[in-house]
Amino acid sequence: SQQGEEDPQALSIQEGENATMNCSYKTSINNLQWYRQNSGRGLVHLILIRSNEREKHSGRLRVTLDTSKKSSSLLITASRAADTASYFCATDTGGNEKLTFGTGTRLTIIP
Amino acid sequence: DGGITQSPKYLFRKEGQNVTLSCEQNLNHDAMYWYRQDPGQGLRLIYYSQIVNDFQKGDIAEGYSVSREKKESFPLTVTSAQKNPTAFYLCASSASVRYTFGSGTRLTVV
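Structure (structure tokens):
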């Protein structure tokens, strides 16, 4: 079952602009992660935020988590052509390490 | 270099044929996972294993089988019972909730 739903499904922006994508989930979680997937490749881990955290930064990435709304957002600042990829959120509920992935946002950066 | 290797990168299957996808990791991770990804879709869990000689069904296990005889290896067999096997298959491993993924196998039925 799909725990997360990303919004929007697709996003195109000019290079240098900021990109924001959102993830909503259905049940209580332990952690939420964001992964990137370049076309035809595997997923690469970007950032993890725990359920007791509200915001986290890593380089040009900023993730927020609102557990009351069961939602998270990923902000990529000063976008680059190399950021073109699909982005997925993934959640776990604790107890085991099984992740449930969302449907993804396809981000295109226009040079 | 530590990592996770999937092979082959591309695989073609005839109707009624079983095929096996390979997944090997040298990260010393206990847990391994198989996901299926259809075009423009998210990942759906097929099978997972948290320890050698043990594995559990995921959300879409029908038509698939796995084994976990060694910590490093978690092969996936797509059987003839899987009616719509054309997809991108991803293997992952983890020592915690952070996954490391292989580069995937694209399976096509011909």
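As they're listed, the protein sequences go chains A and B.
Residues 162 to 272 in the numbering used here are what the first sequence lists, from first letter to last.
Residues 18 to 127 in the numbering used here are what the second sequence lists, from first letter to last.
Glycine included, every Cβ here is placed at the ideal spot set by N, Cα and C.
{"Asked": "May I ask you to report which of helix, strand or coil DSSP gives Asp-47 (chain B)?", "Found": "coil"}
{"Asked": "Specify the secondary structure class of Ala-112 (chain B) as computed by DSSP and reduced to three states.", "Found": "coil"}
{"Asked": "Within 10 Å of its beta-carbon, does Ser-162 (chain A) have 16 or more other beta-carbons around it, so buried, or fewer, so exposed?", "Found": "For Ser-162 (chain A), the predicted model reports a pLDDT of 42, less than 50, meaning its position is unreliable and no value from the coordinates is stated."}
{"Asked": "Could you tell me whether any Cβ in chain B is nearer than 8 angstroms to the Cβ of Gln-163 (chain A)?", "Found": "Here the model assigns Gln-163 (chain A) a pLDDT of 46, short of 50, so the residue's position is not dependable and the matter cannot be decided."}
{"Asked": "Thinking Ala-246 (chain A) and Arg-197 (chain A) are a contact (beta carbons under 8 angstroms), I'd like their distance in whole angstroms, please.", "Found": "5 angstroms"}
{"Asked": "Report yes if the C-beta distance between Gly-263 (chain A) and Gly-121 (chain B) is below 8 angstroms; otherwise report no.", "Found": "no"}
{"Asked": "From the beta carbon of Gly-121 (chain B), is the nearest beta carbon of chain A less than 8 angstroms away?", "Found": "yes"}
{"Asked": "Going by beta-carbon coordinates alone, are Leu-260 (chain A) and Tyr-81 (chain B) separated by less than 8 angstroms?", "Found": "no"}
{"Asked": "Can you tell me whether Ala-243 (chain A) is helix, strand or coil according to DSSP?", "Found": "helix"}
{"Asked": "Please confirm whether Ser-111 (chain B) has its beta-carbon closer than 8 angstroms to some beta-carbon of chain A.", "Found": "yes"}
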